[in-house]
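> Just dropping this structure here.
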Amino acid sequence: MIAAMGLPTPQMELRPKADDREGRWLEVAMGPHHPSTHGVFRMDVALDGERIVKLKPVFGYLHRNHEKLAEGMSYLASIPYTDRLDYFCSLTNNWAYALSVEKLAGLRVPERAEYIRVITAELTRLQNHACLAGFLLQDMGASGTPLMYAFREREKILDLFEALTGARMMCNYMRFGGCRCDLPEGWLAQAKQVVTEMPRFIDEFENLLATNEILLARTQGIGAVTAELAVNAGITGPMLRAAGVNYDLRKVDRYGIYDRFQFKIPLGAHGDTYDRYFVRMLEMRESVKILEQALATIPDGPIMDPKSKLRGFRPKPGEAYGRIEAPKGELGFYLISDGGPNPCRYRIRPPSFINLTVLEDLCLGHTVADTVAILGSVDIVLGEVDR
Amino acid sequence: MVTLEQLKARLEAAVPGATLEIITNDSPSTQCSLLVNRERALTVARFLRDDAELKLDYCSNVTGVDWPAAELAEKIKVKKLVDGVEREVEEVKKTQRPAYLEVVYHLYSMEKKHGPVILRLRTEDRGEKNHLPSFTPVWRSCEFQEREIFDLFGIVFDGHPDLRRILMWDGFKDFPMRKDYVEPDDYEYEPTPHDEVLAKAQKHQLSEAHT
């Protein structure tokens, strides 16, 4: 029509073709708006028949430059923003940030606050892994049941978070030098109740799924990653341990008070989608163990370091990198202070972003339907990937 | 784990031509870092990864930092003769910091379970000479993080297999994480071919109306 008006055709830049194998390869954009991408995320896929020959992840749909925002506000004001990174696990995000600021300023956390941190972090891990299993099964077509089972348990944990912090997901709870408020009355009893009931749910889930024929066929041998590649590509969290690398920051760094608890690190052998799923189920059992020990031994006492100054906080010039084992992997914060009230540089090391580095390697040669399962087992949250 | 001084001595012996400088950190975290020269950085990185004792097989975190030119004021105590008596007087010493972009690598060892060893690389300036060697051939985990730094800081990593913008869109011009970045008045505005065509069509209609 434009040509008919005597106007030049618009100078649209054509996207370069994936390859000169024009006609043999089909280019498909998976996403950005598709339930299986767990958010606003796109994979540009080239298909030969039904097999994937090329896959390029495309990010940035949820980018708001959190790091730049944090450079313009005080150290305290960034804490609510960290909730929005991995919005399933706001409490571990808070902890990673608080830990880095504590390293930067040399603050010491009181014992009770350390216990509260461990308890909330492990509850976060439980609900994250439960949800992940639910979403993964939902992606593979197990419509409804596993996801609803997982959400039923998550609901109980979110109730605990709501009683403690006032919010179910955007908790904004931890502060550098401790925690914002003490446990409300009866919270420990309620938490114990939830933790005691949790193994029953995990058993139920395993009875339902662990030997399910379709699940095995869809996940075993699909999207395998070798230990060497996983280490070199900086994969962390359950995805790394599914490949058989024993690296859990709770054991390596022993941050907080994790050295006081007895627990094991479950390892996979094949690094495939099934191992990634099953390592998480085993990790949930270990989290329950940690929670039982922590809830039984939590002491009374203050919850804030008296030296901590939340308002007008100006750490000395210097830098610190603090990291914790978040449910998705190593979550780190790198802070550079120039002595001012705002951080001079504030960097987040997002686990789900870096875990996507090998997505193409995992998916090559598999089908589109497998890609959905593989992406589900990587466990990404786009709030953290795009920041 | 060796101390940073020992590591520096070992690296200087193993990699000829490498000039290293220890950047101190006065904060309680005491995480000091090593500034490596650009020319030999890749060899240093390979050595750190492959050395049997160090085995830094895991590059955890890659950070870009923007340092515009600045005047740094430092208070130092100087002994001076004041009215014939020697006294300690506080003086402000001013130094000029040149403008440069910096990349910080946090290295750990998954095998030996030690770390971090912190490497820093600096560009010559913030303008045209913003090239640094890419560590992606050594550690794959740098791939997306270096792309992000290229995107947000405008550091060009030579030897990166796929250096494109990653978080901002391809047509974006500026580098948002730089300290002197000026935000646009309207974030939503994005020129599309449609706008140009529309403007031309309106111009065409106007000229038709006049004739």
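Protein chains in written order, with numbering that gives the first Met the number 0: chain L, 0 to 386; chain S, 0 to 210. No residue lacks a Cβ here, since even glycine has one placed at the ideal position from N, Cα and C. Model, not experiment: these values are computed from the prediction.
Spell out whether any CB of chain S is found under 9 Å from the CB atom of residue 262(L).
Taking the first sequence and counting its residues from 1, the one referred to as residue 262(L) is at position 263. So, not an interface residue.
> Going by Cα to Cα distance, which pick from 70(L), 144(L), 360(L), 178(L) is closest to residue 120(L)?
For the purposes of this step, residue 120(L) is identified with residue 121 of the first sequence, where counting begins at 1. Comparing Cα positions, the closest option is 178(L).
> Report whether the distance from the Cβ of residue 52(S) to the nearest heavy atom of the ligand GDP is below 8 Å.
Annotation note on the ligand GDP: not contained in the displayed structure, which lists no ligands.
> Is it the case that the Cβ atoms of residue 100(S) and residue 116(S) are separated by a distance below 9 Å?
On the second sequence, position 101 is the one that residue 100(S) refers to. On the second sequence, position 117 is the one that residue 116(S) refers to. Result no, Cβ atoms of residue 100(S) and residue 116(S) do not sit closer than 9 Å.
> From the DSSP output, in three-state form, read off residue 191(L) for me.
In the first sequence, residue 191(L) corresponds to position 192, counting from 1. Residue state, collapsed to three classes: helix.
> Ordered along the chain, which non-local residues of its own chain (more than five positions away) have a Cβ less than 7 Å from that of residue 321(L)?
Residue 321(L) sits at position 322 when you count from the first residue of the first sequence. Excluding sequence neighbours, residue 321(L) sits near 95, 98, 99, 102, 331, 332.
> Are the CB atoms of residue 201(L) and residue 284(L) nearer to each other than 9 Å?
Working through the first sequence from its first residue, we reach residue 201(L) at position 202. Working through the first sequence from its first residue, we reach residue 284(L) at position 285. Contact flag set, yes.
> With distance defined between alpha-carbon atoms, name the residue in 73(S), 89(S), 81(S) nearest to residue 96(S).
On the second sequence, residue 96(S) is found 97 positions in, with the first residue counted as 1. The shortest Cα separation from residue 96(S) among 73(S), 89(S), 81(S) belongs to 73(S).
> With H, G and I counted as helix, E and B as strand and the rest as coil, what does DSSP make of residue 139(L)?
Numbered from its first residue, the first sequence carries residue 139(L) at position 140. Here residue 139(L) sits in coil by DSSP.
> So residue 352(L) contacts chain S; which residues on that side make the cut at Cβ distance below 9 Å?
For this step, residue 352(L) is matched to residue 353 along the first sequence. Simply 143, 144, 147.
> What are the start and end residues of each continuous beta strand (DSSP E) run of 3 or more residues lying completely inside the stretch 311-383 of chain L, in chain order?
You should have 317-325, 328-336, 344-348.
> Give me the chain S residues within the contact set of residue 356(L), using Cβ-Cβ distance strictly less than 7 Å, ordered along the chain.
The sequence position of residue 356(L) within the first sequence is 357, counting from 1. Ordered by position in chain S, the residues that pass the 7 Å Cβ test against residue 356(L) are 139, 140, 142, 143.
> Can you check whether the C-beta of residue 6(L) is within less than 9 Å of a C-beta belonging to chain S?
Position 7 of the first sequence, counted from the first residue, corresponds to residue 6(L). Only weak support is given to the placement of residue 6(L): the predicted model assigns it a pLDDT of 47, under 50, and the question is left unresolved by the model.
> Give me the residue from 294(L), 37(L), 161(L), 73(L) with the minimum Cα distance to residue 188(L).
The residue labelled residue 188(L) in the question sits at position 189 within the first sequence. Residue 188(L) has its Cα closest to that of 294(L), out of 294(L), 37(L), 161(L), 73(L).
> Take the Cβ of residue 376(L) as the centre, count every other Cβ of all protein chains shown within 10 Å, and call the residue buried at 16 or more, exposed below.
As a position in the first sequence, residue 376(L) is number 377, starting the count at 1. By the neighbour-count rule (16 or more Cβ atoms within 10 Å), residue 376(L) is buried.
> Using the rule of at least 16 other Cβ atoms within 10 Å of the residue's Cβ for burial, across every protein chain shown, is residue 149(L) buried or exposed?
Taking the first residue of the first sequence as position 1, residue 149(L) is located at position 150. Its Cβ being crowded by 16 or more others within 10 Å, residue 149(L) is buried.
> Against chain S, with Cβ distances strictly below 9 Å, would residue 62(L) count as a contact?
Residue mapping note: residue 62(L) aligns to position 63 of the first sequence, counting from 1. So yes, residue 62(L) belongs to the interface.
> Suppose the cutoff is 6 Å on Cβ atoms and the five residues either side in sequence are ignored; what does the same chain contact list for residue 278(L) look like?
Residue 278(L) sits at position 279 when you count from the first residue of the first sequence. Only 237, 240, 241, 265, 267 meet the Cβ criterion.
> For residue 317(L), would you say it is in contact with chain S, using Cβ-to-Cβ distances shorter than 9 Å as the test?
Taking the first residue of the first sequence as 1, we reach residue 317(L) at position 318. Answer yes: the Cβ-Cβ gap between residue 317(L) and chain S drops below 9 Å somewhere.
> Any beta-carbon of chain S closer than 9 Å to the one on residue 380(L)?
In the first sequence, counting from the first residue as 1, residue 380(L) sits at position 381. No, because no Cβ of chain S sits closer than 9 Å to the Cβ of residue 380(L).
> Assuming residue 82(L) contacts residue 380(L) under a Cβ cut-off of 8 Å, what Cβ separation, rounded to an integer in Å, is found between them?
For this step, residue 82(L) is matched to residue 83 along the first sequence. For this step, residue 380(L) is matched to residue 381 along the first sequence. Going by Cβ atoms, the distance from residue 82(L) to residue 380(L) rounds to 12 Å, so no, they are not a contact pair.
> I want to see whether chain S comes within less than 9 Å of residue 386(L), judged by CB atoms only; does it?
On the first sequence, position 387 is the one that residue 386(L) refers to. Chain S, which has a Cβ nearer than 9 Å to the Cβ of residue 386(L), makes this yes.
> Do residue 76(L) and residue 175(L) have their CB atoms nearer than 9 Å?
Mapped onto the first sequence, residue 76(L) falls at position 77. Mapped onto the first sequence, residue 175(L) falls at position 176. No, they are not a contact pair.
> For residue 94(L), write down the residues that DSSP places opposite it in a beta bridge.
The residue you call residue 94(L) lines up with position 95 of the first sequence. Partner(s): none; residue 94(L) has no beta bridge.
> With burial defined as no fewer than 16 other Cβ atoms inside 10 Å of the residue's Cβ, what is the status of residue 65(S): buried or exposed?
Here residue 65(S) is taken as the residue at index 66 of the second sequence, counted from 1. Buried: at least 16 other Cβ atoms inside 10 Å.
> List the endpoints of the continuous alpha helix (DSSP H) containing residue 118(S).
To locate residue 118(S), count along the second sequence from 1; it is residue 119. No alpha helix (DSSP H) holds residue 118(S); the beta strand (DSSP E) holding it covers 113-121.
> Tell me, please, whether the CB atom of residue 223(L) is closer than 9 Å to any CB atom in chain S?
Stepping through the first sequence from its first residue, residue 223(L) is reached at position 224. Not closer than 9 Å to any Cβ of chain S, the Cβ of residue 223(L) fails to qualify, so no.
> Leaving out five residues on either side along the sequence, give the residues of the same chain with a beta carbon under 7 Å from the beta carbon of residue 191(L).
Residue 191(L) sits at position 192 when you count from the first residue of the first sequence. So the qualifying residues of the chain are 294.
> Return the residues of the stretch 55-84 of chain S that lie within a Cβ-Cβ distance of less than 7 Å from chain L, sorted by chain order.
From the stretch 55-84 of chain S, only 56, 57, 58, 59, 60, 62, 64 have a Cβ closer than 7 Å to chain L.
> Quick check on residue 232(L) - is its C-beta less than 9 Å from some C-beta in chain S?
Against the first sequence, residue 232(L) aligns to sequence position 233. Residue 232(L) counts as touching chain S.
> Hey, which unbroken runs of the beta strand (DSSP E) at 3 residues or more fall wholly within the stretch 152-197 of chain S?
Within the stretch 152-197 of chain S, the complete beta strand (DSSP E) runs of at least 3 residues are 155-157.
> Using a Cβ cut-off of 8 Å, pull out every chain S residue sitting near residue 336(L), in sequence order please.
If you number the first sequence from 1, residue 336(L) lands on position 337. Correct list: 26.
> Decide if the stretch 86-94 of chain S is in contact with the stretch 142-160 of chain S; the criterion is three or more beta carbon pairs, one per stretch, under 8 Å apart.
Too few Cβ pairs lie closer than 8 Å, so no.
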